[in-house]
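Protein chains in written order, with my numbering: chain A, 116 to 493; chain B, 997 to 1090. Cβ atoms here follow ideal geometry from the backbone N, Cα and C, with glycine treated the same way. As structure tokens, the structure follows; a few thoughts come after it.
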């Protein structure tokens, strides 16, 4: 975005955010081992209220946010989902439901469509039912999702299918694209697993070999061309085998905000793994105040925080040094270059991890995503 | 006919999930789709406003040529190029 409201211009030439990712709840019936939620999941009693969320979306729309991505956990676990969607539509936000499908009924899907939902994104775990249910840790999930996909398209809603790719399903990446076409999706996301949170704890069970990754990438790229005009394929390729890091989040604090179920507002979903960042909450502050002034959002904005090799690198305005959370996870310091970059002095750590996936033997058991019960009070 | 080619009797429209919106914050017209925000110039806005699912491709071209006193062949090429590009991204139905 080039045009920015005047109030941003004094602040690091900051533009308005494009998208808000609202994690309405961490409750979810599935246990996917690569879940992007934090290891410490927020319990129901700490979740924001309906009026908190409607206030947040009103403020976001006023600030210039265009897309409201309603996610979780499973957002359908919130009884007020229809009211939240109706409110988002009312304030002019483009509203996208990111769902596992579990917990939805046909009536509920129709209700969400009537409330003004713009688009639904449904996850699948695999194109093979037994494997999909094993990955989700939920028997019958796959069959249910096929029904939900049909309800979504019957309601006239545009459908995106989202599939996370890893060792157990990488041979079927192309099949998953074809399944998405069959389900009437206009768009499919094929995203290789990123190793944060649950994904990091399950990395040995999830990471494919380099050859497996290359075969799957080539197949999906070929389908992208073959299926142009039929389905849009958004392909997130694994960065462990890349030469340069990804432009994580399109730049820290540059494009979007992520609000957790309790109202904490983060520059990205994994940002809480970085120690000493001060996050503000929508319970105390407005979205505009957080966007412009929150210490966590300003921590890695611009280039002042960068070290070498980023500081003098011509790509620093292209990839912004990569991912801060990955830099932290693999080097112990969030200010380092993302070690995916071949110029990083820590790049050998990536090669080491990638090498482990080559001789992994049998698939280890998953540490399924589960909500830990609170310790009873003493 | 190719999926992303318009013929003169097709009636292009923005499908549900694709919205043309004037954004007050940025003072510009934007085309919103899942995970996409596309800036639209003045010509594209005039074309897309006419893609209502009732006007044919030919009628849209006629209307634009008349409204802007422009060469019809030139207008037709512009409309075909824009709609072809957006149809390939599934942002317009032809």
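A direct Cα-to-Cα measurement between residue 374 of chain A and residue 389 of chain A gives close to 16 Å.
Residue-level contact by beta carbon fails for residue 351 of chain A and chain B, as no gap is shorter than 7 Å. Taking 4 residues as the minimum length, the alpha helix (DSSP H) runs contained wholly in the region 1037-1072 of chain B are 1038-1045, 1053-1063, in order along the chain. Residue environment: residue 408 of chain A is assigned as exposed (fewer than 16 neighbouring CB atoms within 10 Å of its CB, all protein chains considered).
Chain B has a Cβ within less than 7 Å of the Cβ of residue 273 of chain A. Note on the region 281-316 of chain A: whole alpha helix (DSSP H) runs with a minimum of 4 residues are 288-297, 312-316, in chain order. By a beta-carbon distance limit of 8 Å, residue 321 of chain A contacts residue 149 of chain A. Their separation comes to about 6 Å.
In chain A, no part has a C-beta under 9 Å from the C-beta of residue 1081 of chain B; the shortest such distance is about 11 Å. With respect to residue 239 of chain A, residue 276 of chain A sits close: the two C-beta atoms are nearer than 7 Å. Closest in C-alpha terms to residue 178 of chain A, from the list A:267, A:467, A:424, A:406, comes A:406. Runs of the beta strand (DSSP E) spanning 3 or more residues and lying entirely within the region 230-290 of chain A occur at 234-239, 274-280, in chain order. Three or more Cβ pairs drawn from the region 126-142 of chain A and the region 167-182 of chain A lie within less than 8 Å of each other, which places the two stretches in contact. Residue 376 of chain A and residue 190 of chain A have their C-alpha atoms spaced approximately 10 Å apart. Looking only at A:382, A:401, A:410, the smallest Cα-Cα distance to residue 391 of chain A is reached by A:410. When only Cα atoms are considered, residue 214 of chain A and residue 192 of chain A end up about 10 Å apart. Counting only runs of at least 3 residues, the region 338-382 of chain A fully encloses the following beta strand (DSSP E) elements, listed from N- to C-terminal order: 347-351, 371-374, 379-381. Residue 235 of chain A sits close to residue 272 of chain A, with the two beta carbons spaced by under 7 Å. Per DSSP, the unbroken alpha helix (DSSP H) holding residue 205 of chain A starts and ends at 196-205. When rounded, the separation of the alpha-carbon atoms in residue 378 of chain A and residue 397 of chain A is 5 Å.
Around residue 1036 of chain B, no beta-carbon contact reaches into chain A at under 7 Å, the shortest distance being about 13 Å. The secondary-structure analysis by DSSP pairs residue 1033 of chain B across a beta bridge with B:1028. Per DSSP, residue 170 of chain A lies in no beta strand (DSSP E) segment; the continuous alpha helix (DSSP H) that holds it begins and ends at 165-178. For residue 1055 of chain B against residue 1071 of chain B, the beta-carbon gap comes to about 12 Å, at or over 8 Å, which does not count as contact. According to DSSP, residue 395 of chain A shares a beta bridge with A:380. Comparing C-alpha distances from residue 469 of chain A to each of A:483, A:355, A:344, A:438 shows the shortest one belongs to A:355. Within the region 192-205 of chain A, no residue has a Cβ lying closer than 7 Å to any Cβ of chain B. By the neighbour-count criterion, in which 16 or more other beta carbons inside 10 Å mark a residue as buried, residue 429 of chain A falls on the exposed side. Burial of residue 257 of chain A is indicated by the presence of at least 16 other C-beta atoms within 10 angstroms of its C-beta.
In the three-state reduction of the DSSP assignment, residue 401 of chain A falls in the coil class.
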